[in-house]
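**Student:** Protein chains in written order, with this note's numbering: chain A, 507 to 904; chain B, 507 to 904.
From the three backbone atoms N, C-alpha and C, an ideal C-beta is built for every residue, glycine too.
This is the structure I have questions about; it appears just below.
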């Protein structure tokens with residue numbers, strides 16, 4: 507058959523909603539020789555990975571492991587293990603990933619109640635309190651509340667700690683999607699008393715996509731142990747995955763060995779930087795970016811007070827073709843940013859500053875490139891004001 | 507927190523049931539810069555990967571994609587998409603992976619009939635004919651027959667083409683596990699009229715674990731389209747995965763970009779070698795290994811006439827501690843081989859010669875190392891006879 511060329515990409519500057527840029531050390535770790543998934547040397551790498559994940563999650567949970575799939579597999583794991591057919595759950599929806607949670611929960615056989623707020627806004631704790639009280643008044647009991655921490659489709663950061671308190675007061679588990687937030691903003695699983703939290707490797711952990719870190723606390727384990735039916739997914743069944751990642755090392759499936767090398771290295775980089783310094787870095791560059799975008803004459807999309815530091819959304823000005831603007835950025839600058847999803851298609855840009863991509867260089871570059879791309883379509887983007895506004899933020903922090 | 511050391515493994519000689527050794531070109535491909543999963547450049551890599559997978563599977567099936575999980579995720583995809591609650595299925599069990607198929611099918615809500623043969627033997631086509639006729643006589647209809655091509659727990663290669671004919675004669679789909687066989691023995695999806703076939707990357711494709719190539723033919727698509735319920739797994743839902751890998755490029759989940767680089771390169775290596783040459787290589791070295799093991803005084807475990815070329819099983823002699831023997835091989839030779847699973851624990855060795863690991867060098871090395879490890883436990887292993895018997899095979903083929 508036809509011979510295809512080798513992959514020889516020069517790469518991109520990844521400033522979209524993920525994947526984010528990857529440190530060369532992580533790429534290098536990928537290329538270490540593959541060893542067996544039950545090799546004593548690999549078991550040591552698994553242990554270190556687990557301990558570093560516990561650190562980044564802010565938890566002592568023994569069940570803290572990378573699921574062998576991308577973030578969406580993490581979502582499915584976080585729901586399928588704790589829902590049995592007929593269970594009632596409450597999902598907070600403020601964007602695409604909340605919708606996905608509701609879809610996945612319904613496929614697990616749950617009766618799904620939802621709270622929906624307009625995309626770009628945050629779910630309020632009061633709404634959760636009301637929904638749970640209402641379900642109880644009707645004689646129902648909600649087993650689990652699901653919420654997305656940083657909603658990747660809108661750039662909104664939601665108040666998961668408050669929602670967790672309310673869920674617990676009503677005897678429900680809290681399941682948190684930290685796909686976009688983990689490693690870029692505090693998730694603090696134990697301090698916030700979160701029961702089940704999952705993430706993805708390709709956002710603020712700055713590792714290529716392919717794994718979904720997950721942690722489960724005591725309440726989650728109790729529910730898992732009390733199940734009366736088998737978990738409907740064999741691949742994502744935590745009762746078996748625990749036995750592989752635990753002391754027994756019981757074979758379940760073949761771990762994606764080189765992906766774990768890469769995650770291990772990306773976690774080492776996080777430990778070296780320090781979590782507080784890393785969060786401060788994400789806050790600083792997000793602030794500069796947001797100031798720059800406003801300085802350019804653009805309007806930020808996400809609700810003020812709830813803006814995620816690692817993912818900034820901005821409204822596409824009237825008359826601008828956002829696909830053409832993104833194509834120009836890719837062609838002329840090698841920069842990838844995201845467009846809107848679902849109802850926001852064509853209406854917003856999504857600019858990520860995650861992990862290795864979160865630098866002053868990239869802030870100044872995207873402001874320059876975006877202003878140029880918008881100007882090319884006739885929008886009066888003030889690129890100079892944008893850079894000056896960002897510079898003010900950097901000077902104030904110096 | 508504590509700083510962990512970087513992964514700095516010197517690697518192993520991988521002669522177990524998988525993962526197999528990985529060509530340096532594949533490891534190098536891993537470390538190309540990550541780009542976006544919707545980047546035009548990545549879409550080109552996806553297309554090439556798909557075409558090369560079609561070639562290796564021997565199929566023109568449009569739906570031929572790598573699932574974003576390991577081989578077991580491929581198994582789950584192959585069942586969960588085609589089974590609806592209450593469907594009757596027939597699973598052929600001759601080892602652990604047949605058992606797993608039955609477990610996964612039952613979690614999909616299927617009524618599971620099974621054919622079971624002693625581990626080490628092959629299911630016979632007549633048994634399938636009888637089981638299907640029996641189900642029909644009772645008024646049942648079997649929707650799907652599942653069978654493992656090369657049973658990784660026993661080293662037996664089963665007659666999937668004959669079983670497919672019988673399944674079709676009874677109006678059932680055939681689902682084939684080609685995790686261990688693909689790339690090492692002909693699977694020939696179209697010539698054998700197989701409906702749904704999945705594999706894993708870490709066996710004869712000689713790519714690290716992490717992806718599960720899958721192909722679905724016309725009958726499978728018809729069943730998928732005729733479903734009356736949603737697929738219970740969101741992550742593995744082929745109706746949505748097709749839209750991402752198809753012309754629409756509709757976002758589903760973030761593809762494991764660097765894993766696909768690696769698969770792409772491992773497929774390029776297969777295309778370069780040529781399928782017929784590759785199968786001949788697997789047959790030759792398997793024959794030499796088997797001759798050597800018998801020459802050493804050991805008994806092959808798998809039923810004669812049904813022995814898989816890429817995975818040889820051999821009975822552990824009376825009084826030998828197989829774990830100790832394998833530990834010695836790992837410590838003194840850096841060689842990994844496998845032990846028995848389930849009822850075969852302690853009773854067999856499993857020696858893989860897959861993909862990049864399938865060489866004369868490795869055959870002669872494992873014969874030498876195994877003879878030494880057995881002799882160290884007092885077994886009278888004739889290492890010289892082993893090497894001579896293997897050499898005879900090589901000379902005959904020269």
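1. Taking the DSSP output, what are the residues bridged to residue 572(A)?
2. Who are residue 656(B)'s beta bridge partners in DSSP?
3. Could you name the residues that DSSP lists as bridge partners for residue 681(A)?
4. Strictly by DSSP, which residues pair up with residue 725(A)?
5. Using a Cβ-Cβ distance under 8 Å, would residue 764(A) count as near chain B?
6. Run through chain B and tell me which residues come within less than 9 Å of residue 518(A), C-beta to C-beta.
7. I'd like to check one pair, residue 547(B) with residue 515(A): are the Cβ atoms closer than 8 Å?
8. Checking the sheet assignment: what are the DSSP bridge partners for residue 609(A)?
9. Going by beta carbon distance, what residues of the same chain come within less than 7 Å of residue 631(B), once the five residues before and after it are set aside?
10. Would you kindly check if the distance between the Cβ of residue 621(A) and the Cβ of residue 634(A) is under 8 Å?
11. So, for residue 618(B): in the same chain, excluding its five sequence neighbours on each side, which residues have a beta-carbon less than 7 Å away from its beta-carbon?
12. Which first and last residues belong to the beta strand (DSSP E) in which residue 803(A) is found?
13. In angstroms with no decimal places, state the Cα-to-Cα distance between residue 715(A) and residue 524(B).
14. Please state whether DSSP places residue 617(B) in a helix, a strand or coil.
15. Which of helix, strand or coil does DSSP assign to residue 548(A)?
16. Closest Cβ-Cβ distance between residue 828(B) and chain A: below 8 Å?
17. For the segment 720-727 of chain B against the segment 560-572 of chain B, do three or more pairs of beta-carbon atoms, one drawn from each stretch, fall closer than 8 Å, so that the two count as touching?
18. What three-state label does DSSP hand residue 582(A) in the structure shown?
19. Going along chain A in order, which residues have a C-beta closer than 7 Å to the C-beta of residue 736(B)?
20. Between 860(A), 829(A), 786(A), which has its C-alpha nearest residue 817(A)'s C-alpha?
21. By how many angstroms is the C-alpha of residue 752(B) removed from the C-alpha of residue 746(B)?
22. From the DSSP secondary-structure annotation, give me the bridge partner or partners of residue 595(B).
23. Determine the chain B residues that contact residue 761(A) at a beta-carbon separation under 8 Å, and present them in chain order.
24. Tell me the residue span of the beta strand (DSSP E) that contains residue 856(B).
25. Using the DSSP secondary-structure output, state which residues sit across from residue 820(A) in a beta bridge.
26. Of all the residues that make up the segment 781-796 of chain B, which are near chain A by a beta-carbon distance shorter than 7 Å?
27. Report yes if the C-beta distance between residue 590(B) and residue 731(B) is below 8 Å; otherwise report no.
28. Are the C-beta atoms of residue 822(B) and some chain A residue less than 8 Å apart?
29. Could one say the Cβ of residue 525(A) lies closer than 8 Å to chain B's Cβ atoms, at least one of them?
30. Does the segment 881-888 of chain B come within contact of the segment 808-827 of chain B, defined as at least 3 CB pairs closer than 8 Å?
31. Let me check understanding here. Comparing Cα to Cα, which of 685(B), 748(B), 643(B) lies closest to residue 655(B)?
32. Would you call the CB atoms of residue 522(B) and residue 856(B) closer than 8 Å?
33. Cα separation between residue 767(B) and residue 711(A)?
34. List, in chain order, every chain B residue whose beta-carbon is nearer than 9 Å to that of residue 770(A).
35. Would you kindly check if the distance between the Cβ of residue 895(A) and the Cβ of residue 662(A) is under 8 Å?
36. Can you give, in chain order, each stretch of the alpha helix (DSSP H) that sits fully within the segment 865-902 of chain B and has at least 4 residues?
**Tutor:** Well, looking at it:
1. 719(A)
2. 663(B)
3. 652(A), 702(A)
4. None, per the DSSP bridge assignment.
5. Chain B contact via Cβ: present.
6. 539, 540, 541, 542, 545, 547
7. The criterion of a C-beta distance shorter than 8 Å is satisfied by residue 515(A) and residue 547(B).
8. The partner list for residue 609(A) (beta bridge, DSSP) is empty, contrary to what the question assumes.
9. By the criterion of a C-beta distance shorter than 7 Å, residue 631(B) is surrounded in its chain by 665, 668, 669, 672, once the five residues flanking it on both sides are discounted.
10. yes
11. 595, 597, 608, 611, 612
12. Looking at the DSSP string, residue 803(A) is not in any beta strand (DSSP E), and its letter there is neither H nor E.
13. 23 Å
14. strand
15. helix
16. no
17. yes
18. helix
19. For the C-beta of residue 736(B), the chain A residues within less than 7 Å are, from N- to C-terminus, 613.
20. 860(A)
21. 10 Å
22. 618(B), 650(B)
23. 576, 715
24. Per DSSP, residue 856(B) belongs to the beta strand (DSSP E) from 854-858.
25. Per DSSP, 806(A), 855(A).
26. none
27. Taking 8 Å as the cut-off, the Cβ atoms of residue 590(B) and residue 731(B) do not count as close.
28. no
29. Closer than 8 Å to the CB of residue 525(A) there is at least one CB belonging to chain B.
30. Judged by Cβ distances under 8 Å, the segment 881-888 of chain B makes contact with the segment 808-827 of chain B, as three or more pairs qualify.
31. 685(B)
32. Contact: yes.
33. 20 Å
34. Neighbours of residue 770(A) on chain B, chain order: 510, 512, 513.
35. In this structure, residue 662(A) keeps its C-beta atom at 8 Å or more from the C-beta atom of residue 895(A).
36. 866-881
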